[in-house]
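Residue numbers (the working numbering): 4 to 401. Worksheet: the structure to be examined is printed underneath.
Following this line, the structure appears as structure tokens:
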């Protein structure tokens with residue numbers, strides 16, 4: 004209890020004022036609450052603001068990663084982009100955020116110390132690291148399972164609030180098989196192991212399972228458009244592609260779903276499927292792609308059963324052996340197996356629409372994506388010639 008005596012000057016001005024006041028005070032110092040001003044939101048929203056999210060995006064230089072970084076930058080996110088290899092490779096992402104909002108840091112997937120440095124100031128970590136084929140340095144399990152475990156463990160150790168992990172539709176320890184590779188796709192089994200590893204290390208993680216993703220610089224549309232995937236004008240598919248059903252999704256929709264999951268805390272610990280609005284037979288999709296490229300029956304397009312073409316099978320095997328680190332046209336047996344597995348969409352698991360994403364119709368986006376592969380692209384339309392767009396693919400009744 005402290006005693007405070009007011010000055011005589013003050014008492015003369017206010018005669019009725021008490022001469023002595025008792026003030027309750029502590030005889031010990033109280034701890035001041037520390038505020039990190041750098042982490043507080045600033046601005047009214049948008050690119051030149053800061054929304055309070057500091058996100059480390061692993062795999063940002065990949066196909067999906069570029070779209071995710073762009074969308075995060077537009078809403079005022081501070082982004083750390085880990086990279087390996089040449090430091091000039093990720094620099095084109097610098098313009099996706101405002102000045103001082105995007106940072107780069109080297110890392111290695113097997114080096115825990117470098118990973119922890121990338122997460123030191125982050126409250127969100129997004130794992131988009133993946134491989135479409137194996138190399139001598141990284142097998143599927145090294146990247147999708149052990150690498151994912153390492154990132155999730157480091158995120159938990161760093162006190163990260165949210166962890167978003169990109170898996171794959173059809174991920175299963177015992178993967179569905181098209182009968183091309185014995186035991187099915189190692190890609191799918193490694194993705195399932197990765198999901199288990201992430202949830203063991205970071206139970207509150209949000210998992211996104213995308214189907215085949217198409218967009219700028221993808222490995223879906225461009226895979227089918229590539230001349231090496233064909234046999235001259237003939238297109239080989241397993242059982243002509245008539246027993247495979249696909250539900251491809253636009254990359255912008257996947258990126259929007261990931262960003263919405265980051266902003267919504269209720270998505271923690273949940274799994275979401277990133278699939279397109281409609282389901283198609285693979286044969287119908289490939290036929291549609293070639294109609295869009297003006298490579299129809301008149302051009303000489305014929306789709307046939309690759310089971311009866313030993314020359315194409317030899318071509319795939321030789322391509323694997325000749326181009327080990329980067330398969331020519333992404334043509335290898337693992338990819339052939341994976342493309343002929345039907346998408347297993349589980350209707351008790353939420354989708355992108357549950358994340359507030361309006362799905363992009365395929366026929367709206369594909370003509371733009373396949374424009375560079377259009378046959379006789381230099382030929383324009385006459386002023387009086389009616390423009391007839393390619394007939395859209397026929398969806399499968401669900």
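Backbone N, C-alpha and C fix where the C-beta goes; we use that ideal spot for every residue, glycine too. These numbers were taken from a predicted model, which means no experiment stands behind them.
Let me know the beta strand (DSSP E) ranges lying completely inside the stretch 90–146, each 3 residues or longer, listed in chain order. Runs of the beta strand (DSSP E) inside the stretch 90–146: 105–109 and 127–130.
Measure the Cβ-Cβ separation of residue 227 and residue 302 and say whether it is below 8 Å. At the C-beta level, residue 227 and residue 302 stay beyond 8 Å of one another.
When you compare each of 52, 118 and 344 to residue 62 by their alpha carbons, which one comes out closest? Closest by alpha carbon: 118.
Using the DSSP secondary-structure output, state which residues sit across from residue 169 in a beta bridge. Residue pairing from DSSP places residue 169 in a beta bridge opposite 211.
On the three-state DSSP scale, how would you describe residue 154? The answer is helix: DSSP assigns residue 154 an H, G or I state.
Using the DSSP secondary-structure output, state which residues sit across from residue 240 in a beta bridge. According to DSSP, residue pairing for residue 240 in a beta bridge involves 308.
For residue 45: DSSP bridge partner residues: In DSSP, residue 45 forms a bridge with 53.
Cβ contact check for the stretch 352–360 and the stretch 248–264: 3 or more pairs under 8 Å: Segment contact: the stretch 352–360 against the stretch 248–264, three or more CB-CB distances shorter than 8 Å; contact assigned.
Please report how far the alpha carbon of residue 21 lies from the alpha carbon of residue 268, in whole angstroms. Residue placement at residue 21 is poorly supported in this model, since its pLDDT is 49, which falls under 50; the coordinates still yield a value, given next. So the two alpha carbons sit approximately 55 Å from each other.
Buried or exposed: which applies to residue 127, given that a residue is buried once 16 or more other Cβ atoms fall within 10 Å of its Cβ? Around the C-beta of residue 127, 16 or more other C-beta atoms lie within 10 Å, and the residue is accordingly described as buried.
Residues of its chain near residue 256, where Cβ-Cβ distance is below 6 Å and the 5 sequence neighbours each way are ignored: Apart from sequence neighbours up to five positions away, the residues of its chain that approach residue 256 with a beta-carbon distance below 6 Å are 355, 360, 362 and 363, ordered along the chain.
Which same chain residues, not among the five before or five after residue 189, have their C-beta less than 6 Å away from its C-beta? Cβ contact annotation for residue 189 (same chain, cutoff 6 Å, sequence separation greater than five): 143, in chain order.
With residue 291 as the anchor, note down where its alpha helix (DSSP H) starts and where it stops. Its alpha helix (DSSP H) spans residues 285–295.
The alpha helix (DSSP H) spanning residue 257 covers which residue range? The continuous alpha helix (DSSP H) containing residue 257 extends over residues 254–266.
Option in 386, 186 and 366 with minimal Cα separation from residue 394: Nearest option by C-alpha distance: 366.
Excluding the 5 residues flanking residue 402 on each side, which residues of the same chain have their C-beta closer than 7 Å to its C-beta? No statement about residue 402 is possible, as the shown extent of the chain runs from 4 to 401 and does not include it.
Tell me residue 83's beta-bridge partners as DSSP assigns them. Beta-bridge annotation (DSSP): residue 83 is paired with 59 and 106.
Once you ignore the five residues that flank residue 335 on each side, which residues in its own chain have a CB closer than 7 Å to its CB? Result list for residue 335: 136, 319, 322 and 323, in chain order.
With a Cβ-Cβ cutoff of 8 Å, do residue 218 and residue 372 count as a contact? The criterion of a C-beta distance shorter than 8 Å is satisfied by residue 218 and residue 372.
Give every residue of the same chain whose Cβ lies closer than 7 Å to the Cβ of residue 389, excluding the five residues on either side of it in the sequence, and list them in chain order. If the five residues before and after residue 389 are omitted, its C-beta is found closer than 7 Å to no C-beta atom of its own chain.
I'd like the ranges of any beta strand (DSSP E) spanning at least 3 consecutive residues and lying wholly in the stretch 181–233. Entirely contained in the stretch 181–233, the beta strand (DSSP E) runs reaching 3 residues are, in chain order, 209–213.
Please report the distance separating the alpha-carbon of residue 88 from that of residue 317. If you take the alpha carbons of residue 88 and residue 317, they lie about 34 Å apart.
Please list, in chain order, all residues of the same chain as residue 370 whose beta carbon is under 8 Å from its beta carbon, the five residues on each side excluded. Excluding positions up to five away in sequence, the list reads 295, 392 and 393.
Compute the distance between the beta-carbons of residue 167 and residue 105, then report whether it is under 8 Å. In this structure, residue 167 lies away from residue 105, with their beta-carbon atoms at least 8 Å apart.
Alpha carbon of residue 207 to alpha carbon of residue 273, nearest angstrom: Across the structure, residue 207 and residue 273 are spaced so that their CA atoms are roughly 8 Å apart.
With which residues is residue 274 paired in a DSSP beta bridge? Residue 274 has 210 as its beta-bridge partners, per DSSP.
Buried/exposed call for residue 291, threshold 16 Cβ in 10 Å: So residue 291 counts as buried.
Return the first residue and the last residue of the alpha helix (DSSP H) that residue 370 is part of. Boundaries of the alpha helix (DSSP H) around residue 370: 365–372.
Span of the alpha helix (DSSP H) around residue 325: Run containing residue 325: 313–325, per the alpha helix (DSSP H) assignment.
Whole-number beta carbon distance between residue 148 and residue 193, since they are thought to touch under 8 Å: Residue 148 and residue 193 do touch by the CB rule: their CB atoms are close to 5 Å apart, below 8 Å.
Between the Cα of residue 59 and those of 47, 82, 78 and 52, spot the shortest distance and give me the residue it belongs to. Selected option, being the one with the closest Cα: 82.
Which residue marks the beginning of the alpha helix (DSSP H) containing residue 382, and which one marks its end? If you look at residue 382, you'll find it isn't in any alpha helix (DSSP H); DSSP assigns it neither H nor E.
Assuming residue 336 is part of the alpha helix (DSSP H), what are its boundary residues? First-last of the alpha helix (DSSP H) with residue 336: 336–342.
Inter-residue spacing [alpha-carbon to alpha-carbon] between residue 101 and residue 239: A direct Cα-Cα distance of roughly 47 Å separates residue 101 from residue 239.
Determine the direct distance from the alpha carbon of residue 93 to that of residue 122, and round the result to whole angstroms. Using only the alpha carbons, I get a separation of about 18 Å.
Between residue 315 and residue 368, which are expected to be in contact by the criterion C-beta below 8 Å, what is the C-beta distance as a whole number of angstroms? No, residue 315 and residue 368 are not in contact; Cβ-Cβ is about 29 Å, not under 8 Å.
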